[in-house]
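One line per chain: the protein sequences are A and B, in this order. Following my numbering, the numbering of the first sequence begins with 3 at its first residue and continues without gaps. Following my numbering, the numbering of the second sequence begins with 21 at its first residue and continues without gaps. Written out below as structure tokens is the structure these notes cover.
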Amino acid sequence: MTKKAFNPDVDAPEWKGGYHPYDIIKEGSIAIAVILVLTLVLAIVFGSPDEKAITIKTWSNAAPLDFANTALEELNGTSTTAAYGAPYNTASTGQQLGPLQLAKWVGVRIPINAANDFVISPLKSLPNQPTLDQQLATWSSATTATKNSWLTSYGKAKVKFSGGQVVANTTSAGPLPVIINDLTQMARSGALDQALVTGHGFYTTDYTKPLLFLSDSEYLAGLATNQHLTGDQWGMMNETGNYPGQSWLWLYTFWYQIPPFKTSANADVLVWGLMMLLSVVLLLVPFIPGLRSVPRKLKLYRLIWREHYQETE
Amino acid sequence: MSTSEIERQWTTRLRHRVEGKLPPEKMLPDTQPNYVSSWIYVFGVATMSALFVVIATGCVLAIRGPQWWHGSAYGHFINSLHLWSVEIFFFAMVVHLWGKFAMAAWRGGRALTWMTGVITFLASVATAFTGYVSQSNFDSQWISTQAKDGINATGAGAYFNVLNLGQMLMWHIVLLPLAAVVLTALHIVLVRIKGVVPPFEENPVVENAEVSQ
């Protein structure tokens, strides 16, 4: 038999003291009953939030100019989605964890062509639109330089929403005034909501495209700010209304509030990397010298086992 | 069939192993060491009880499908029960976790018990997160579109698409709860096999004693 020195942070002394009666089934039954009652009381008193989902129709009717501007950004490649990188496209290298370009290495697995998927394809699906079809054909056959010229002209033009129409004060934006106005009309009718989710056929449960398009808008961000949900408002752990939300994500959300994460272009991957590291540390606490001694040195255990220590001292 | 042949059977050997590691008096004990006398011990069983309520209310929500609770007062109430049981579950679990940290509950060959507990906590965080993005309301729209950036940055977003409602719902109601329940069961079995960790022995003579391996 080999012997090793007793390590108080690894080994536990054999219990040679007394035992008391313990009814595990009774304890479990009482616990379930108490938790059930507590849950019932909290549910009755506080309920739960259920803020209705935003649709493209809601957005384009509430903020038609924001919608039109977002559509322009999808076309000129400046929207968040259009410039995202992997897994949607190759427009950017994405975030880096030191030398590691994790997203780029995995590559484009959920292909999104913002201009085509959010603007051109939905418009092409509209039936009996000869003027629009002609403008779309003009757009498709134009060179990249010409498209950029039209996009720049439209971007510089004064755009207003008048008489239910998006009107751009320019004559040098090619087919864009028609394209953007017609997409806005399509959105305001509700047809764009359907067009964006039908990519996989009749049945679908994948809302990637409409959610990406919505998240490119200022409208969604504005609603979230009003509901204290943005990143600098500890948003990831909150939910609408006065509810605790995912308070267990406090540490994850905390890192976004402080430098260097707060100002880093690689904040997401840095925070995720840090949280993964901390999770592994928590998992391996029993094997990490120093860290596994913290409880013994903290002496909080004396509070937990105070009756035991009172009896033995 | 000879006795030795029966003894060599996989089934017989497994039964003997289970009987040796976890006899009925350990699985369902009727006594506890005297040091098990603190409110902190309540939070382990409270976590399990809350998990029971979470699963029960989730099953009721599943019966009528993911959209039902938006248009039914009864469904909304079941959703409220589901939400608050989750909040209680996490509160109890976190107190349980830090209580066990304060006790250094991994001592005496209980490292695997600690580790299954930590993995259960992480699996539960993922389960709750997929629930939040599967609500099909404004909260799920906002949380999913924000969370995608973190997950995409790790490369995992290519396979775990938080904007895909169907995928998130499947993870929330099948894969992750299954993992959480199996891990919880394993954690409890380990607690029963090893028993509750004894207090630190503060007598320096005993601390310096040698232990058999």
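Here a beta-carbon is modelled for each residue, glycine too, at the ideal position from N, C-alpha and C.
Identify the contact partners of A:Phe-289 in chain B, using a Cβ-Cβ distance below 9 Å as the criterion. Residues of chain B whose Cβ lies closer than 9 Å to the Cβ of A:Phe-289 are, in chain order, Trp-126, Ala-131.
A:Ile-22: buried (16+ other C-beta within 10 angstroms of its C-beta) or exposed? Position check: residue 22 of chain A holds His in this sequence, whereas Ile was assumed. A:His-22 is exposed by the Cβ-count criterion.
On the three-pair Cβ rule with 8 Å, is the region 29-38 of chain A touching the region 145-153 of chain B? Below 8 Å, too few C-beta pairs join the region 29-38 of chain A and the region 145-153 of chain B to call them touching: fewer than three.
Taking 8 Å as the cut-off, does the region 177-190 of chain A touch the region 58-69 of chain A (at least 3 CB pairs, one atom from each stretch)? As far as the Cβ criterion goes, the region 58-69 of chain A touches the region 177-190 of chain A, which means the pair count is three or higher.
Name the chain A residues that come within less than 7 Å of B:His-90, Cβ to Cβ? In chain order, Asp-52 make up the part of chain A whose C-beta sits under 7 Å from the C-beta of B:His-90.
Classify B:Ile-193: buried if its beta carbon has 16 or more other beta carbons within 10 angstroms, exposed otherwise. Note on B:Ile-193: 16 or more other CB atoms within 10 angstroms of its CB, so buried under the neighbour-count rule.
Output the residue ranges of the alpha helix (DSSP H) runs that lie fully inside the region 26-62 of chain B and measure 4 residues or longer, sorted by chain position. Listed in chain order, the alpha helix (DSSP H) elements of length 4 or more contained wholly in the region 26-62 of chain B are 30-41, 44-47.
So with CB distances below 7 Å, who are the chain B contacts of A:Val-168? None at all; the shortest Cβ gap to chain B is about 24 Å.
Short CB-CB distance (under 7 Å) between B:Gln-161 and chain A: At a cut-off of 7 Å between beta-carbon atoms, B:Gln-161 makes contact with chain A.
With a threshold of 6 Å on Cβ separation, who are the neighbours of B:Ala-199 within its own chain once the five nearest residues in sequence on each side are excluded? The beta carbon of B:Ala-199 sits closer than 6 Å to those of Ala-143, all from its chain and outside the five residues before and after it, given in chain order.
Taking C-alpha atoms, which residue in A:Leu-153, A:Met-277, A:His-230, A:Val-282 lies nearest to A:Gly-79? Looking at the Cα atoms, A:Leu-153 is the closest of the given residues.
Contact with chain B by A:Ser-143, beta-carbon distance below 7 Å: No, A:Ser-143 lies away from the interface with chain B (no Cβ there is under 7 Å from its Cβ).
Could you check how far apart the C-beta atoms of A:Tyr-303 and B:Ala-122 are, in whole angstroms? I think they sit under 8 Å. Their Cβ separation, rounded to whole angstroms, is 5 Å, which keeps A:Tyr-303 and B:Ala-122 in contact under 8 Å.
So with Cβ pairs under 7 Å, would you call A:Tyr-258 a contact of chain B? No, no contact with chain B.
Any beta carbon of chain B sitting closer than 7 Å to that of A:Val-199? No, A:Val-199 does not count as interfacial toward chain B.
Tell whether a beta-carbon distance below 7 Å holds between B:Ser-100 and A:Ala-55. No, Cβ-Cβ distance for B:Ser-100 and A:Ala-55 is not below 7 Å.
For A:Phe-215, list the residues DSSP reports as bridge partners. Answer is none; A:Phe-215 lacks a bridge partner.
Helix, strand or coil for B:His-96, going by three-state DSSP, please let me know. Note: B:His-96 maps to helix in three-state DSSP.
On the criterion of 16 or more Cβ atoms from any shown chain inside 10 Å, does A:Ala-116 qualify as buried, or is it exposed? It counts as buried.
Quick check: the region 11-20 of chain A against the region 193-212 of chain A, are there 3 or more CB pairs under 8 Å? Three or more beta-carbon pairs separated by less than 8 Å are not found between the region 11-20 of chain A and the region 193-212 of chain A, which leaves the two stretches without contact.
Should the region 278-294 of chain A be regarded as contacting the region 260-270 of chain A, the criterion being three or more beta carbon pairs within less than 8 Å? Short answer: they don't touch.
Hey, how far is the Cα of A:Tyr-24 from the Cα of B:Ala-125? Straight across, the Cα-Cα distance linking A:Tyr-24 with B:Ala-125 is about 20 Å.
Proximal residues of chain B, C-beta to C-beta of A:Ser-319 below 7 Å: In the structure as shown, chain A starts at 3 and stops at 315, and residue 319 of chain A therefore has no counterpart that could be examined.
Apply the 10 Å Cβ neighbour rule to A:Lys-160 and answer buried if 16 or more other Cβ atoms are within range, or exposed otherwise. So A:Lys-160 counts as exposed.
Reducing DSSP to helix, strand and coil, say where A:Pro-129 ends up. The answer is coil: DSSP assigns A:Pro-129 none of H, G, I, E or B.
Quick one: what's got a C-beta closer than 6 Å to B:Ser-160's C-beta in the same chain, skipping five residues either side? Excluding five sequence positions before and after B:Ser-160, the CB atoms of its chain that fall closer than 6 Å to its own CB belong to Val-153, given in chain order.
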